[in-house]
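To get this note's numbering, take the position in the sequence shown, counting from 1, and add 299. Ideal Cβ placement from N, Cα and C applies to all residues, glycine included. Taking it in order: structure first as structure tokens, then the write-up.
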Amino acid sequence: MSSAIGPIEITGAALFALAVLHTFSTRYFEHLAHTRTAHAGVWHLLGEVETVFGFWAFVLVLFMALAYGWGTSSRYLDSLQFTEPMFVFVIMVIAASRPVMQLAGDLVEGACRAIPAAPALAGYFLALSLVPLLGSLITEPAAMTLAALMLRERIFTAGVSSRLKYATLGVLFVNVSVGGTLTHFAAPPVLMVAAKWGWTSGFMLSTFGAKALLAVLINALAVTLLFRRELAARALGRREDSRTRVPATFVLVNVLILAAVVFTNHHPEAFMGLFLLFLGLAEAYRRHHERLMLREGLMVAFFLAGLVVLGGQQQWWLQDVLSRLDETALFYGATALTAITDNAALTYLGSLVEGVSDEYKYSLVAGAVAGGGLTVIANAPNPAGFAILKDHFEDRSINALGLFAAALPPTLVAVLCFRGIRGQVGEIFDAALWAEWFAQLDGPFLFLLILPFVVAVVGLWSSRRM
């Protein structure tokens with residue numbers, strides 16, 4: 300471990316661990332909101348996943364201010380980059396607007412006609428395959444927003460089973476994480492390392508493209524076939540819109556704004572200006588818009604900003620762990636680590652290790668994107684899908700352990716595609732390799748890795764006894 304470890308680093312790691320535990324316990328707070336009504340508002344606030352990391356980040360900033368003065372706290376905040384939370388907020392609101400959704404719906408409907416299957420099944424399959432792959436062009440947050448809205452309209456409002464909801468969510472999160480790797484600018488974990496390592500879209504397409512495409516198609520096809528009877532019986536086709544269609548010219552203007560935001564994703568002063576232009580057009584042409592997803596977008600941005608604040612204090616142990624792993628252990632380690640930290644932060648910290656091989660670089664990024672669907676904090680776009688779909692689950696809350704279990708099979712498919720095509724598929728079942736990986740890990744890190752899932756199991760058991 301680094302020698303420069305002080306009270307701030309220790310406190311930051313402890314609060315990060317508490318935030319991870321909190322994400323697995325939100326359903327318990329929602330239960331308290333219904334049973335302890337005297338303070339229902341507080342319990343409901345703590346039960347919102349989007350507030351978890353923002354809340355604990357506030358605790359960290361308050362601790363730094365009280366213990367070391369406001370100057371230390373403000374300098375720490377000034378040293379952080381909040382471009383990603385701002386970008387996700389902007390792209391989520393624009394991608395969910397009526398003109399963009401109309402165009403996306405038309406594209407999916409056109410593709411449905413080319414698939415020899417019932418429209419409901421075809422639409423479901425495309426929402427989990429075509430739209431996540433489009434994330435390589437329109438960015439993963441935009442793809443997550445579009446896919447989640449389509450699935451909400453077709454599946455989640457149709458009274459389907461809880462099993463189908465969780466299976467759909469797990470595949471959606473994994474496929475969006477994997478589907479954005481065909482270019483160098485769309486997936487946050489790739490974006491973090493592309494400039495330093497000289498990765499271009501051509502490199503990404505040739506190195507990750509076929510594997511990502513295969514994983515996305517297998518996952519989408521598998522869940523569609525597994526639930527084909529329930530989908531055929533309950534899934535809805537695209538609803539007929541009684542409103543006047545948005546004119547093609549206005550759709551084009553909004554798509555151009557979306558494209559400009561994607562192009563300027565590194566420059567908040569540019570994409571925020573474009574966003575203000577979008578808001579002005581939305582206000583001027585209200586008849587072509589529904590309610591903009593401003594609240595949902597702000598909540599997701601708050602979540603991601605909290606993750607940035609807390610994540611900034613994890614470098615002292617996370618980078619040390621990554622630097623010790625060999626190429627094989629790194630791939631599986633990155634997949635596992637992504638469950639408890641944002642995969643973009645993971646790849647960024649890994650990129651700080653100097654003198655690494657091409658195999659190291661591939662393993663780090665491939666493992667990070669393969670594990671990007673295991674939890675809501677694993678990939679930056681996940682909170683966007685979470686915010687859009689959570690109201691259609693029991694108690695208006697998504698169980699973290701249920702999401703983890705649902706995302707595990709598609710994650711294994713991604714692992715087999717990224718690792719098996721490049722190396723030996725059988726190594727995932729090699730107990731000796733797993734033992735070697737665990738032997739390389741520090742005791743405190745193992746504790747942090749395992750504790751959230753132990754607490755989740757206990758929490759689930761307790762909630763079933765209530």
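By the C-beta criterion, the stretch 469 to 485 is judged to be in contact with the stretch 517 to 525, since at least 3 inter-stretch pairs fall below 8 Å. Note that the C-beta distance between residue 422 and residue 399 is not below 8 Å. According to the DSSP assignment, residue 421 belongs to the alpha helix (DSSP H) that extends over 418 to 437. In the same chain as residue 342, and ignoring 5 residues on each side of it, the C-beta atoms closer than 8 Å to its own belong to 328, 329, 331, 332 and 335, in chain order. Residue 699 and residue 676 have their C-alpha atoms some 10 Å from each other. Taking a 10 Å sphere around the C-beta of residue 409, we find fewer than 16 other C-beta atoms and assign the residue as exposed.
CA-CA distance, residue 643 to residue 500, rounds to 18 Å. When the five nearest sequence neighbours on each side are left out, the beta carbons in the same chain lying within less than 6 Å of the beta carbon of residue 364 are those of 372, in order along the chain. Along the length of the stretch 640 to 716, whole alpha helix (DSSP H) runs at least 4 residues long occupy 642 to 650, 657 to 669, 681 to 688 and 699 to 714, reported in chain order.
The C-beta distance from residue 626 to residue 662 rounds to 5 Å, short enough to fall under 8 Å.
Taking C-beta atoms under 8 Å as the contact rule, residue 434 and residue 672 fail to qualify, at a distance of about 13 Å. For residue 589, the closest C-alpha among the options 377, 352, 392 and 347 is that of 392. Per DSSP, reduced to three states, the secondary structure at residue 612 is coil, with no helix or strand assignment.
Beta-carbon to beta-carbon, residue 686 and residue 439 are separated by about 15 Å, too far to satisfy the 8 Å threshold. In the three-state reduction of the DSSP assignment, residue 487 falls in the helix class. In the DSSP assignment, residue 498 falls outside any alpha helix (DSSP H) and carries neither an H nor an E. Rounded to whole angstroms, the separation of the alpha carbons of residue 586 and residue 543 is 9 Å.
DSSP places residue 390 in the uninterrupted alpha helix (DSSP H) bounded by 382 to 394. By the neighbour-count definition (other C-beta atoms within 10 Å, threshold 16), residue 405 is an exposed residue. DSSP, read as helix, strand or coil, puts residue 521 in helix. When 600, 615, 648 and 637 are compared, the shortest CA-CA separation from residue 390 is found for 600. In this structure, residue 606 lies away from residue 657, with their beta-carbon atoms at least 8 Å apart. Classified as exposed, residue 456 has fewer than 16 neighbouring CB atoms from the shown chains inside 10 Å of its CB. In the three-state scheme derived from DSSP, where H, G and I count as helix and E and B as strand, residue 352 is classed as helix. Sequence-distant partners of residue 356 (beyond 5 residues in either direction) whose C-beta falls short of 6 Å from its own C-beta, in its chain, are 605, 608 and 609. Under the three-state reduction of DSSP, residue 624 is assigned to coil, being neither helix nor strand. Taking the CA atoms as reference points, residue 567 sits about 9 Å from residue 560. In terms of CA proximity to residue 652, 495 leads the group 325, 444, 495 and 428. Excluding five sequence positions before and after residue 487, the CB atoms of its chain that fall closer than 6 Å to its own CB belong to 643 and 679, given in chain order. Nearest to residue 416 by alpha-carbon distance, out of 623, 358, 530 and 452, is 530. Beta-carbon to beta-carbon, residue 563 and residue 570 are separated by about 5 Å, close enough to satisfy the 8 Å threshold.
Annotation for residue 564: no alpha helix (DSSP H) segment contains it, and DSSP assigns it neither H nor E. For residue 400, the uninterrupted alpha helix (DSSP H) run begins and ends at 397 to 412, by DSSP.
Its chain contains 464 as the residues whose beta carbon lies nearer than 7 Å to that of residue 692, once the 5 sequence neighbours on both sides are disregarded; these appear in chain order. In this structure, the alpha-carbon of residue 666 lies about 7 Å from that of residue 632.
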